[in-house]
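To start, the structure itself, in structure tokens.
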Amino acid sequence: MALGRIQVPARARRGEVVEARVLIRHAMETGFRREADGRAVPMNVVNTVTCRHAGREVFRAELGSGISANPYFAFWFRAEESGEVTVEWVDDAGERGVASARIEVS
Amino acid sequence: MRALAALALCACAAAAAAPPRPEPPLPGTHFLGSDLKALQADDFANPGLLWVARGEALWSEGAKPCAACHGEAARSMRGAAARYPRFDAGLGRVVNLEGRIDACRTGRQGLPAFAPESPERLALAAFVARQSRGMPLAVSVDGPARPVFERGRDLYRTRIGQLNLACTHCHDERWGKTLLAEPISQGHPTAWPAYRVEWQTLGSLQRRLRACFFGVRAAMPDYGDGDLLALELYLAWRGEGLALESPGVRR
Amino acid sequence: MRRRRFLRAAGAVLAAPALPAAAQAFLPRRDLAALVASVTGGATPSREGIALEVPALAENGNSVAFRVRVESPMTEADHVRAIHVLSERNPRERVALFHLGPASGRAEVTTRIRLAVGQRIAVVAALSGGRFRLAEAAVEVTAAACIDEGT
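Sequences listed follow chains W, F and D, in order. For the first sequence, the residue numbers in the numbering used here are 27 to 132. For the second sequence, the residue numbers in the numbering used here are 35 to 285. For the third sequence, the residue numbers in the numbering used here are 12 to 162.
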């Protein structure tokens with residue numbers, strides 16, 4: 027279940043620096059956990075999160091098992107033009123997710 | 035577990051009345067640190083809302099979705115979670131919210147029931163519970179619900195496990211004190227399903243109660259066990275008037 | 012130097028009772044300075060213009076609030092390129108690497124991190140032009156009182 031979301035302000039002035047918030051549903055398995063029967067649960071974390079706006083990468087995170095389950099990020103970007111702010115992520119199993127939010131720039 | 039229930043019934047005769055409810059009644063949120071309190075209150079960052087969002091999608095999914103009978107959840111489910119567990123006349127027994135969802139799945143939708151603690155069951159329960167956010171707990175413990183209530187009330191004060199403790203010893207007699215560095219809450223069930231940081235996921239009240247059994251080194255009842263349901267009903271009665279806050283965040 | 016060594020030793024003694032024996036055996040204390048040097052390539056980082064916000068005491072190590080801010084105009088000529096988050100005692104020392112640039116506008120990232128035990132963490136900001144900044148903080152992690160087998 028690749029589920030996540032991004033929140034940005036609905037409106038901004040051109041050039042204004044605004045905050046983006048991202049929340050992703052993911053167990054962030056460390057690889058150190060075992061099932062009740064002793065089987066090791068393989069490591070599987072969201073290893074990359076990338077946020078793009080106006081054709082540019084505004085934020086990218088490379089992650090390991092030290093990020094909490096259901097990862098949360100808040101960061102900033104310069105609002106350049108009206109359109110989608112898109113966040114994409116991928117985990118160690120290759121599962122991808124994407125979420126976007128619209129910003130109106132005047 | 036049957037032995038435990040028998041024990042509860044024995045205790046019943048000696049202890050007909052429930053212990054006095056803590057005054058003033060305080061939700062579990064009161065006993066959280068400022069960081070987790072803020073996380074629960076944050077309508078974007080609270081991880082439980084990911085399950086609520088999934089539940090919202092499930093509400094309208096499938097050939098015969100929940101929405102086909104219940105319409106818009108914001109209207110039809112408002113206040114519902116605050117009245118559970120309750121006696122369901124159609125089923126002829128007391129069910130909790132998850133049990134009612136299971137009954138809809140198998141009875142009305144012709145689908146297999148969700149497994150306990152499955153992401154889907156938690157998501158639907160969290161979505162329905164969310165519609166009652168801020169509303170006061172108000173369960174009925176009279177009529178056919180009475181025996182279940184009394185079973186829960188007696189179990190609440192029955193010593194169990196290797197630590198030989200009852201619920202009441204921590205949550206009536208010692209709330210506000212600390213266990214290691216953690217404050218002991220009054221044990222009100224307002225946050226559930228809740229995101230527990232220790233679990234790193236959303237979980238039901240039954241999962242939390244099972245953890246209490248484990249904590250006092252008692253055998254854990256299975257999910258859906260009558261003892262857990264009875265405790266849920268007793269706790270809901272005991273927390274009467276406190277506002278629902280699911281999805282809560284807990285340690 | 013002697014004072015710092017004393018503080019570190021005192022910290023270890025204070026932290027010890029809170030740690031299960033297994034954690035002490037398997038999570039040895041890394042040399043944070045060496046870890047920082049591996050990021051900076053040996054360059055000495057400035058400790059100015061960077062702030063790390065973490066709680067002194069975390070209620071649960073599974074989810075610890077984290078924020079780093081670096082003072083920077085975030086222009087093409089002068090910006091923060093990356094922020095490394097390094098752990099002294101997690102099983103894996105590299106917690107996260109955040110890539111920023113002029114399009115970020117502000118060098119500030121908030122997230123939630125896992126801490127296996129109480130420890131120091133370091134953030135190293137790599138600036139355009141090859142300079143570095145460093146901030147460190149210690150977080151104590153409360154041992155859970157209500158044990159739980161987790162299912």
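Backbone N, C-alpha and C fix where the C-beta goes; we use that ideal spot for every residue, glycine too. These numbers come from a predicted model, not from an experiment.
Counting only runs of 3+ residues, the beta strand (DSSP E) found wholly inside the segment 59–99 of chain D occupies 61–64, 75–81, 91–98, in chain order.
The DSSP-derived three-state label of residue 239 of chain F is helix. Taking a beta-carbon distance threshold of 8 Å, residue 183 of chain F does not count as an interface residue toward chain D. Out of F/122, F/135, F/66, F/51, the CA that lies nearest to the CA of residue 210 of chain F is found in F/66. Looking from the CA of residue 276 of chain F, the closest CA among F/150, F/220, F/214 belongs to F/220. Residue 74 of chain F sits in a helix when the DSSP states are folded into three classes. Residue 183 of chain F carries a helical assignment under DSSP once its states are collapsed to helix, strand and coil.
With the criterion set as a beta carbon lying under 9 Å from some beta carbon of chain D, the members of the segment 87–98 of chain W are 87, 88, 89, 90, 91, 92, 93, 94, 95, 96, 97, 98, in sequence order. Note that the segment 133–149 of chain F does not touch the segment 79–91 of chain F; fewer than 3 beta-carbon pairs, one per stretch, sit closer than 8 Å. According to the DSSP assignment, residue 65 of chain F belongs to no beta strand (DSSP E), since it is labelled neither H nor E.
For residue 32 of chain W, the secondary structure class from DSSP, reduced to helix, strand or coil, is strand.
With respect to the 8 Å criterion, residue 70 of chain W and residue 88 of chain W are not classified as neighbours on the basis of their beta carbons. Straight through space, the alpha carbons of residue 74 of chain D and residue 126 of chain D are spaced by roughly 8 Å. Within 7 Å of the CB of residue 84 of chain F, the CB atoms of chain W belong to 29, 49, 51, 96, in sequence order along the chain. Using a CB distance cut-off of 8 Å, residue 245 of chain F counts as an interface residue toward chain D.
Your pair residue 51 of chain W and residue 96 of chain W checks out as a contact, with CB atoms roughly 6 Å apart and the cut at 8 Å. For residue 93 of chain W, the three-state secondary structure derived from DSSP is strand. Within 10 angstroms of the beta-carbon of residue 65 of chain W lie fewer than 16 other beta-carbons, which makes it exposed.
Pairing residue 123 of chain D with residue 94 of chain W gives a Cβ-Cβ distance under 8 Å. Within chain F, 231 have C-beta atoms less than 7 Å from the C-beta of residue 74 of chain D, given in sequence order. The alpha-carbon separation between residue 114 of chain D and residue 33 of chain W amounts to approximately 18 Å. Counted as a single uninterrupted DSSP element, the alpha helix (DSSP H) harbouring residue 51 of chain D occupies residues 43–51.
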